[in-house]
Each structure stands twice: as structure tokens, then as C-alpha cells.
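FYI, in our numbering the residues of the sequence shown are 3 to 324.
Taking it in order: structure first as C-alpha cells, then the write-up.
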Amino acid sequence: MIFSQESLKVLLLLSSEKDNSVVLSKLQELAEHQSIHATLLMCDYRSSIASSLILKTEHLDSAVEYIKEQHLQSLKKLASEFKHPNINYTFRVEWHRPFYESVLNVAKELDVDLVLKQTHEHSKLRQLLLTPGDYQLMKSCPSPVLLSKTGSWKDRHCIIAAVDPSHELSRSSHLDDMLIQEAKALSELLELPFKVCHVFDPTGWEVVLNSSASMGVMGQFVVLDTPQEHKQMLDTIREQHNKQLLELQSRHQLKDEQVALLEGYPEESLVSEADKQKAALIIVGTTYRSGLLGSTAEALLENINCDLVAIKHADFDALETH
3 MIFSQESLKV LLLLSSEKDN SVVLSKLQEL AEHQSIHATL LMCDYRSSIA
53 SSLILKTEHL DSAVEYIKEQ HLQSLKKLAS EFKHPNINYT FRVEWHRPFY
103 ESVLNVAKEL DVDLVLKQTH EHSKLRQLLL TPGDYQLMKS CPSPVLLSKT
153 GSWKDRHCII AAVDPSHELS RSSHLDDMLI QEAKALSELL ELPFKVCHVF
203 DPTGWEVVLN SSASMGVMGQ FVVLDTPQEH KQMLDTIREQ HNKQLLELQS
253 RHQLKDEQVA LLEGYPEESL VSEADKQKAA LIIVGTTYRS GLLGSTAEAL
303 LENINCDLVA IKHADFDALE TH
């Protein structure tokens with residue numbers, strides 16, 4: 003488990019243009035109960051300099067080194083301002099774009115336990131036209147990623163683990179077990195209660211039923227014509243989801259008030275629950291079989307009003323996401 007380790011290797015991506023105090027304060031909060039080796043990373047790339055036809059190669063190299071040195075001094079200053087007896091700081095400056103590639107490379111090189119980054123809002127137009135680096139980190143980084151969206155955790159009331167025991171990969175990879183274990187560890191570390199939530203989406207009322215009929219078909223497509231049939235089928239499916247959640251509850255010895263079966267679209271229901279509980283963080287599993295965007299985790303990143311921790315299953319392969 004990441005958040006119960008005595009020593010934690012953290013890669014912290016900082017901005018050269020925006021305030022970094024919130025995310026550095028959260029690093030200090032984590033350090034209250036853990037020894038942390040924190041690598042402060044700043045990434046930059048200016049095409050106006052890199053593609054200049056006026057500067058000679060040696061002058062171009064000098065310009066880049068000057069910028070990198072300025073960033074290095076900024077990182078050292080931040081480390082001095084946010085020093086902590088349990089934090090050992092080191093520094094990296096990368097001249098590269100897109101930034102997430104540098105983060106992935108450094109995270110792999112250092113074999114970090116956690117990547118920590120402050121999120122920044124993008125315009126709606128940019129969200130439609132470009133793939134923001136935050137999404138790419140969630141998608142491709144094998145290390146857990148903590149994306150900071152809000153202020154201090156001290157004025158928050160709980161931690162949420164968003165599980166999906168109905169998903170085959172969650173069961174086979176024990177991803178839900180990992181999420182619950184990390185939620186427990188964070189709960190103890192931040193001295194906040196935690197809650198395990200599973201969302202059942204009742205909108206799909208046309209159901210594929212498995213069949214063992216002698217005709218040899220794998221299943222049959224059933225269209226429910228009456229409201230009563232619809233309700234009966236939803237009750238059956240709801241009970242299946244509740245049974246799967248109860249199995250998780252029993253396995254982790256959770257109290258009834260620590261689990262909740264929500265109904266609706268996952269991203270909407272989880273956002274609503276996080277607001278209701280005034281959550282500090284939501285812990286989600288991210289699973290990908292292609293490079294396509296649009297997962298529940300990504301929708302949450304855009305709309306959730308708390309921090310988000312994205313965790314991959316143990317057999318995750320970053321190559322599958324490209």
C-alpha cells in the first residue's frame with residue numbers, strides 16, 4: 003500500500019507560472035506520518051526559442067540552460083519555504099513538451115510511489131480540441147497519481163473509494179481491494195473517515211441475459227415492455243450489485259455506514275456524493291484497453307470538487323494506453 007509506507011518516493015510536478023503553495027502544503031500534510039523523498043519537477047519548452055533560426059546552436063543551448071537554471075533556483079526556493087523534517091527534497095528541470103511525457107519518464111526512472119500535481123482549469127474549447135496532460139497522466143502513468151483540485155484537506159470531512167465490483171477486471175486484478183486499502187491508509191493518515199461507494203446505473207433497461215438453453219446460444223436480448231417487468235428486472239440487477247458490494251464489505255470488515263450503493267450515471271452520482279460528504283479525496287481505479295478518452299475517472303477529473311487519486315491495477319501496461 004502506498005499511503006501506509008514508512009517511506010514514500012514522490013514526484014511533484016510544479017508550475018513555473020502558477021501558485022504551488024497548496025500542493026506543497028499537502029505534501030507537508032503527508033509528511034506528518036511518513037518520511038518522504040520528494041523530487042520537485044518543473045517542465046518547460048518554448049518553441050519561440052527552440053525553433054529560432056537567428057540563434058546559433060551554442061547560443062540556443064545557453065538560452066535553454068539559463069532558463070533551466072532559473073527554474074532550478076525557483077524549486078530550491080520553494081523547498082526552503084516548505085521545508086519539513088520528514089521531507090528530503092531533490093530537483094529536476096526538463097526542457098520538453100508535452101510535459102506529461104517528462105513526468106512519465108522521470109517517474110519510471112526514479113520508480114516513484116506517487117505522482118502529485120496541482121490541476122489547472124482549461125478552457126472548454128481546449129478541452130474539446132486537445133488532450134490535457136492531466137488526463138494523459140491518469141491514463142498512462144503506472145504510479146498512482148494524486149491530482150490536487152482544492153485547498154487544504156483540513157476543512158474536509160471524509161475520503162471516498164469508488165469501487166466497481168461488477169467489472170471483471172476489478173475482480174480479477176483485485177483493484178477494488180487496492181482502492182479500499184489505500185482509502186483506509188489515507189483515512190488513518192489524514193484522520194478522516196472513509197466511505198466505499200459503488201454506482202449502479204439503472205438507465206440500461208434492455209438487458210442481455212445469459213442462457214444455458216439447449217439451442218446453444220450464448221444469451222438472449224430481452225426487451226422489457228411493461229413498467230412492472232422493467233421494475234422487476236431493475237430490482238434483480240440492483241440486488242446483484244448490492245450483493246457484490248456486500249462481498250467487498252465483508253472481506254474488508256466494513257461497517258454498514260462505510261458503504262453505499264448509489265444509483266445514476268457514475269460520474270454524476272460520485273460528484274454528488276463527494277459534495278454531500280464534503281470529501282477531501284476520491285480514490286478511483288483507472289483501467290484502459292485502448293487509448294480512448296471518456297472513462298468515468300476522466301469525467302470525474304473535470305467535474306469533481308475534491309482531490310482525485312487514480313490507481314492502476316498491478317498488471318497495468320502503459321503501452322496499452324497509446
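Backbone N, C-alpha and C fix where the C-beta goes; we use that ideal spot for every residue, glycine too.
These figures come from a predicted structure and were not determined experimentally.
Item to complete: Please work out which residues of its chain come closer than 7 Å, Cβ to Cβ, to Thr152, disregarding the five sequence neighbours upstream and downstream, and give them in chain order.
Response: Excluding positions up to five away in sequence, the list reads Asn307, Cys308 and Asp309.
message = Could you tell me which whole alpha helix (DSSP H) segments of length 4 or greater appear in the segment 28-96?
response = Taking 4 residues as the shortest admissible run, the segment 28-96 contains the following complete alpha helix (DSSP H) segments, listed from N- to C-terminal end: 49-52 and 59-83.
| message | In the DSSP assignment, the alpha helix (DSSP H) including Ser9 goes from what residue to what residue? | response | For Ser9, no alpha helix (DSSP H) segment is defined; the enclosing uninterrupted segment is the beta strand (DSSP E) at Ser9 to Leu16.
Worksheet item: Can you pull the DSSP bridge partners for Ser150?
Response: Assignment of beta-bridge partners to Ser150 by DSSP yields Gln120.
Three or more C-beta pairs closer than 8 Å, one from the segment 73-85 and one from the segment 102-117: is that the case here? By the Cβ rule, the segment 73-85 does not count as touching the segment 102-117, because fewer than three pairs are nearer than 8 Å.
Exercise for review: Give the DSSP bridge partners of Asp309, in chain order.
Suggested key: DSSP lists Leu283 as the beta-bridge partner residues of Asp309.
* Candidates Glu249, Val201, Thr41 and Glu241: which alpha carbon is nearest Tyr267's? -> When each option's Cα is compared against that of Tyr267, the closest is Val201.
Check your understanding: Can we say the segment 250-269 touches the segment 135-152, given the rule of at least three CB pairs closer than 8 Å?
Key -> Under the three-pair Cβ rule at 8 Å, the segment 250-269 does not count as touching the segment 135-152.
### Task
Could you check the C-alpha separation between Met1 and Ser27 for me, to the nearest Å?
In the structure displayed, the chain extends from 3 to 324; residue 1 sits before or after that span and is not available.
Exercise for review: Could you check what DSSP says for Val182 in three-state terms: helix, strand or coil?
Suggested key: Reading off the sequence shown, one finds Ile at residue 182, where the question assumed Val. The answer is helix: DSSP assigns Ile182 an H, G or I state.
Continuous beta strand (DSSP E) stretch holding Leu264: start and end: Unbroken beta strand (DSSP E) run through Leu264: Val261 to Glu265.
* **Distance between beta carbons of Leu194 and Ala282, contact taken as under 8 Å** => Between Ala282 and Leu194 the beta-carbon gap is near 6 Å, inside 8 Å, which marks them as a contact.
Worksheet item: Any Cβ of chain C within less than 7 Å of the Cβ of Ala164?
Response: Within the model displayed, chain C is absent; a lone protein chain is all it includes.
| Span separating the alpha-carbon of His35 from that of Gln246 | Rounded to the nearest angstrom, the two C-alpha atoms are 34 Å apart.
Find the nearest neighbour of Leu13 within the set Arg94, Lys78, Glu19 and Asp21, judged by alpha-carbon distance.
Leu13 has its Cα closest to that of Arg94, out of Arg94, Lys78, Glu19 and Asp21.
**Report entry** Selection from Val198, Thr298, Asp203 and Lys85 that minimises the alpha carbon distance to Gln251
**Finding:** Of the listed residues, the one whose Cα sits closest to Gln251 is Val198.
**Item:** Cβ neighbours of Glu300 in the same chain (closer than 7 Å, five flanking residues each side left out)
**Value:** Within the same chain, Glu300 has close Cβ partners Tyr137 and Met140.
Problem - Pair within 7 Å by beta-carbon distance, Glu39 and Lys11 - result: Just to set this straight, residue 39 is His in the shown sequence, not Glu. Cβ distance < 7 Å, so His39 and Lys11 count as in contact.
Q | Length of the line joining the Cα atoms of Asp157 and Ile51 | A | If I take the Cα positions, the gap works out to 44 Å.
> Under three-state DSSP, which class holds His159?
Replying inline: The answer is coil: DSSP assigns His159 none of H, G, I, E or B.
**Request:** Identify the continuous alpha helix (DSSP H) that holds Phe202 and give its terminal residues.
**Result:** Per DSSP, Phe202 lies in no alpha helix (DSSP H); the unbroken beta strand (DSSP E) holding it starts and ends at Phe196 to Phe202.
- Leaving out the 5 sequence neighbours to the left and right, which residues in its chain are closer than 6 Å to Ala163 when beta-carbon positions are compared? Counting only Cβ-Cβ distances below 6 Å, and skipping sequence neighbours, we find Leu181, Ile182, Ala185, Val198 and Ile285.
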